[in-house]
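Chains A and B are the protein sequences, given in the same order. With the working numbering as the guide, the letters of the first sequence map in order to residues 28 to 192. With the working numbering as the guide, the letters of the second sequence map in order to residues 24 to 317. Even glycine gets a Cβ: it sits at the ideal position worked out from N, Cα and C. Comments concern the structure below.
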Amino acid sequence: MQKKTILFSLNGEPREWSVYPNELLLNVLREQEFLTGTKYGCGIGECGACTVHINGEPILSCLTLAIACEGKEILTIEGLAREGKLDPVQIAFLDQTAFQCGFCTPDMILMTRALLNEIPNPTEEQVRDYLRGNLCRCTGYASIMRAALDASVLNAHRSVQSNEE
Amino acid sequence: MRDFDLLQPQHLSDALDALAQNDSAIRPLAGGTDMLVDIRAQRAKPDVLVSLQNISELRGITRENGTLKIGAATTIAEFLKHPELTKHDALRYAAYVFANPMIRNSATIGGNIGSASPAGDMLPPLLALDAHIELVSKNEARVMPLSDFFLGPRKTAKRANELITSIQLPVISYQSPVSSLQSPVSSAFYKLGLRQADAISLISVAVWIQRDGEKIRDVRIALGAVAPRPMRAIRAEEILRGEIFNEMNLKESARIASEECSPIDDLRASANYRRRMIAVYVRRMLEQAWSKTQ
Ligand SMILES: Cc1cc2nc3c(=O)[nH]c(=O)nc-3n(C[C@H](O)[C@H](O)[C@H](O)COP(=O)(O)OP(=O)(O)OC[C@H]3O[C@@H](n4cnc5c(N)ncnc54)[C@H](O)[C@@H]3O)c2cc1C
Ligand code: FES
Ligand code: FES
Chain A
28 MQKKTILFSL
38 NGEPREWSVY
48 PNELLLNVLR
58 EQEFLTGTKY
68 GCGIGECGAC
78 TVHINGEPIL
88 SCLTLAIACE
98 GKEILTIEGL
108 AREGKLDPVQ
118 IAFLDQTAFQ
128 CGFCTPDMIL
138 MTRALLNEIP
148 NPTEEQVRDY
158 LRGNLCRCTG
168 YASIMRAALD
178 ASVLNAHRSV
188 QSNEE
Chain B
24 MRDFDLLQPQ
34 HLSDALDALA
44 QNDSAIRPLA
54 GGTDMLVDIR
64 AQRAKPDVLV
74 SLQNISELRG
84 ITRENGTLKI
94 GAATTIAEFL
104 KHPELTKHDA
114 LRYAAYVFAN
124 PMIRNSATIG
134 GNIGSASPAG
144 DMLPPLLALD
154 AHIELVSKNE
164 ARVMPLSDFF
174 LGPRKTAKRA
184 NELITSIQLP
194 VISYQSPVSS
204 LQSPVSSAFY
214 KLGLRQADAI
224 SLISVAVWIQ
234 RDGEKIRDVR
244 IALGAVAPRP
254 MRAIRAEEIL
264 RGEIFNEMNL
274 KESARIASEE
284 CSPIDDLRAS
294 ANYRRRMIAV
304 YVRRMLEQAW
314 SKTQ
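Right, here's the structure in full:
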């Protein structure tokens, strides 16, 4: 097995990694970059805790080889707030206290962000459907649902504001 | 995780060269949603993986000589977006109930076929739409009906040096581009799981139907998770072909479909339950598809 050097963007910054072919994106993010917001839940695609965005789309970093990220844009929860300003989805999760232990929070927030990019005004059913691969063992999902729906309203405000600026 | 080397060719010919040279410990890697899980569980023990990710020849959806050609590396997510693919209700619905959005962004149609699970969700719709599959090796290209491709659980007609390059659907399977309400042709799919989201199929049923007035001109019925491989219910189709669409014919067809399959008992459901559900859903899917034809 030989290491290979890959170039890509991580949370908006250019990065260079030297990785083995069998290294998972999840492990490199956590162990090499110390970006521990991306969680190791099951390691086999069943829980959603390891969700990150690649080129704007949510994927599971436990089922993605790091080496396959050459030239891609990776966003983890640590990169979501821009210039010290929280993303509307993060604000909504705080407002609704949509977490208890917090283990699922990074993935729930990144999934809600991806949903709003695709469907700016989702119905409750669309939120449930979109978050169906993301497990939470604590909240019972009710507060997460409220936060996701609130986030769509905040998000719309934010877009109007930034258009006016 | 097990050590392996990874080739990342840009061209199909390079991938085929690699497969031609090596022994059986070399395997294709598409989205990795089955392969990486299998490697971790030590069900798969490849020494070399050939990533198909950077091969543009395996992507894209084109229409050629009455055929819709779907590149093998097309992701399941694309089946919910691409206008040529979303026309087929059975395919679109199967993509909609497939796993979850993250898996759908990685998982490919070629991988679903390559894994050849009897419960693969895209397989009954493709069988019902009379899909053909293109297999290419360094020296040969062949096209075969998808129904001949599956030999048993995870066993296929694919040789170790071959890649699935595309899936081809005949244009007759098309629903009307304007509105499925005005088409003589329609399709439907249902997946029955233990819960609504992100569940393995207990059974699945796909049908395709072509209407001629009050008669069924042509029909195909495909069943998932009730036999060693995804299967066509040929005898159940024969009952209906050329006949009037009525209660009696539907019931008979559904009964025969439930006899044709050979489900097993497992921890999710009994064989008996699966058989009964096949009868229920074959009938419901026929009704659903018919109701959208004119
Ligand atoms: C959490 C989870 C949920 C899932 N839910 C579903 C579900 O709801 N429905 C369902 O059907 N499946 C489901 N799956 C299984 C899996 O996602 C699908 O089978 C998927 O389509 C596999 O595609 P892939 O591109 O990831 O294949 P890979 O894992 O890359 O490959 C699968 C197999 O096909 C071979 N292969 C891939 N491409 C080619 C090619 N072009 N030519 C020749 N051989 C090829 C590989 O060598 C390998 O043997 C799920 C998996 C996980 C982990
Ligand atoms: S850790 Fe990736 S889905 Fe559970
Ligand atoms: S808050 Fe604990 S898992 Fe969701």
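Where DSSP assigns a beta bridge to residue i, which residues make up the other side?
i, result
"Tyr213/B", "Val228/B"
"Val71/B", "Asp28/B and Ile49/B"
"Ala245/B", "Ala229/B and Arg255/B"
"Gly160/A", "Gly160/A is not bridged to any residue."
"Arg155/A", "Paired residue(s): none; Arg155/A is not in a bridge."
"Glu157/B", "Val166/B and Ser189/B"
"Gly94/B", "Ser189/B"
"Arg278/B", "Bridge partners of Arg278/B: none, in fact."
Pick out whichever of the options has its Cα sitting closest to the Cα of residue i.
i, options, result
"Glu185/B", "Ala164/B, Ser170/B, Leu169/B and Pro176/B", "Ala164/B"
"Tyr67/A", "Tyr168/A, Glu110/A and Leu53/A", "Leu53/A"
"Asn208/B", "Gly175/B, Ile187/B, Ile267/B and Val242/B", "Residue 208/B is actually Val in this sequence, not Asn. When each option's Cα is compared against that of Val208/B, the closest is Val242/B."
"Leu174/B", "Arg298/B, Ala250/B and Ala53/B", "Ala250/B"
"Arg155/A", "Asn182/A, Met172/A, Cys165/A and Leu51/A", "Met172/A"
"Gln123/A", "Met28/A, Ala183/A and Ala178/A", "Ala178/A"
"His80/A", "Glu50/A, Ile94/A, Ile104/A and Leu90/A", "Ile104/A"
"Ala38/B", "Ser160/B, Trp313/B and Arg234/B", "Ser160/B"
"Thr78/A", "Gly129/A, Lys30/A and Leu137/A", "Leu137/A"
Once you ignore the five residues that flank residue i on each side, which residues in its own chain have a CB closer than 8 Å to its CB?
i, result
"Ile62/B", "Met24, Arg25, Phe27, Lys68 and Pro69"
"Glu275/B", "Ile262"
"Pro176/B", "Ala139, Ser140, Pro141, Pro251 and Arg252"
"Gln191/B", "Thr90, Leu91, Lys92, Ile93, Ala154, His155, Ile156, Glu157 and Val166"
"Ala277/B", "Ala259, Ile301, Ala302, Val303, Val305, Arg306 and Leu309"
"Gln188/A", "none"
Among residues of its own chain, excluding the 5 on either side of residue i, which ones have a beta-carbon nearer than 7 Å to its beta-carbon?
i, result
"Thr85/B", "Lys92"
"Gln33/B", "Asn77 and Ile78"
"Val201/B", "Legend: pLDDT at Val201/B = 48, less than 50; position of this residue unreliable, no value from coordinates given."
"Asn38/A", "Leu102, Thr103, Glu105 and Gly106"
"Gly216/B", "Ala222, Ile223, Ser224 and Leu225"
"Leu162/A", "Cys74, Gly75 and Cys131"
"Arg297/B", "Leu225, Ile226, Val249 and Pro286"
"Asp40/B", "Lys161"
Any chance the CB of residue i is under 7 Å from a heavy atom of ligand 1?
i, result
"Thr56/B", "yes"
"Pro32/B", "no"
"Arg25/B", "no"
"Ile355/B", "For residue 355/B there is no data in the structure shown, the boundaries of chain B being 24 and 317."
"Arg50/B", "yes"
"Asn77/B", "no"
Is it the case that the CB of residue i approaches a heavy atom of ligand 2 more closely than 7 Å?
i, result
"Gly70/A", "yes"
"Tyr67/A", "yes"
"Glu73/A", "yes"
"Leu56/A", "no"
"Ala122/B", "no"
"Ala64/B", "no"
"Leu87/A", "yes"
"Ala76/A", "yes"
For residue i, name the three-state secondary structure that DSSP assigns.
i, result
"Gln191/B", "strand"
"Ser285/B", "coil"
"Thr98/A", "First, the amino acid is wrong: residue 98/A is Gly here, not Thr. In this structure, Gly98/A counts as coil in the three-state DSSP scheme."
"Ala164/B", "strand"
"Lys30/A", "coil"
"Asn42/A", "A small correction: the amino acid at residue 42/A is Arg; Asn does not occupy that position in the sequence shown. Arg42/A: strand per DSSP, three-state reduction."
"Pro200/B", "In this predicted model, Pro200/B has a pLDDT of only 47, less than 50, meaning its place in the structure is not dependable enough to derive any value."
"His80/A", "strand"
"Lys238/B", "strand"
"Pro141/B", "coil"
"Ile86/A", "strand"
"Arg306/B", "helix"
"Ser293/B", "coil"
"Glu145/A", "helix"
"Gly106/A", "helix"
"Ile84/B", "strand"
"Phe173/B", "strand"
"Ile71/A", "coil"
Is residue i a contact residue of ligand 3, with contact defined as CB to any heavy atom under 7 Å?
i, result
"Thr139/A", "no"
"Ile164/A", "According to the sequence as given, residue 164/A is Arg; it is not Ile. The answer is yes for Arg164/A."
"Gln123/A", "no"
"Thr132/A", "yes"
Excluding the 5 residues preceding and the 5 following residue i in the sequence, name in chain order all residues of the same chain whose CB lies nearer than 6 Å to its CB.
i, result
"Pro147/B", "Ser227, Ala229, Ala245, Gly247 and Pro253"
"Phe212/B", "Ala113, Tyr116, Ala117, Pro148 and Ala229"
"Ala130/B", "Gly54, Thr56 and Ile99"
"Asn123/B", "Asp221"
"Gln311/B", "Ala211"
"Gln31/B", "Ser74 and Asn77"
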